[in-house]
Amino acid sequence: MKILLTCFQYVKVVNFITARPLNHRLFANLCSEMGAEQKHLLLCTEVRWLSRGRVVPRVFELRDELLLFLNEHNRMLAQFLTDEMYVARLAYLADIFSILNSLNLSLQGPDTNVLKTHDKVDAFRKKLRIWKGRCEEGTYDMFPLLADFLTVNNISMGVIASTVLNH
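What the sequence shown shows, in numbering that gives the first Met the number 0, is residues 0 to 166, in sequence order.
This is how it looks when you write it as structure tokens:
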């Protein structure tokens with residue numbers, strides 16, 4: 000349930016900025032001034048759920064710029080980016096959607112057939128079982144954004160363990 004709330008909130012943040020041209024321009028200017036590598040958020044659409052594989056990592060990458068922008072323009076949305084648990088869940092989602100996007104891309108192409116696709120999906124399922132076991136042991140290095148965020152902010156891995164395991 001916490002993961003769904005995190006998804007809902009980041010979609011609200013992205014839509015608040017990208018759906019309004021003035022906000023979009025102001026945010027791009029702020030990113031330029033702060034020297035951010037990326038200057039724009041990607042629009043998240045409900046029709047193409049795999050677009051989140053690119054949107055969530057971008058939101059996570061620009062979270063400092065988003066926090067500054069939202070503190071000035073929408074304090075209700077800014078509160079989510081100050082909550083360390085929310086940002087940790089966002090980091091986890093960024094990792095998961097990136098992994099799913101990679102899997103999706105590997106299932107496409109001219110040399111793809113049913114047998115190769117089945118093997119890749121089966122291997123991914125096995126990998127998920129291994130990851131679950133590693134999470135139960137307290138190892139999260141398979142989720143690099145989450146692991147880095149927790150390390151940099153000196154947050155215990157146990158704080159998000161139940162969320163990751165339940166998901």
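Even for Gly, the Cβ is constructed at its ideal location relative to N, Cα and C.
Computed from a predicted model, the values in this text were never measured in an experiment.
A direct Cα-to-Cα measurement between L69 and D110 gives close to 46 Å. The residue among V55, A18, L40, R24 with its C-alpha nearest the C-alpha of V86 is V55.
The Cβ neighbour count for R88, taken over all protein chains shown within 10 Å, is at least 16; the residue is labelled buried. G34 and T17 have their C-alpha atoms roughly 20 Å apart.
Contact annotation: the stretch 17–26 touches the stretch 58–78, with at least three C-beta pairs closer than 8 Å.
Linking N153 to V113 through their CA atoms gives a straight-line distance of about 45 Å.
When Cβ pairs closer than 8 Å are counted between the two stretches, the stretch 114–121 is seen not to touch the stretch 141–155, the count staying below three. Between L127 and the set H39, M84, L164, L80, the nearest pair of CA atoms involves L164.
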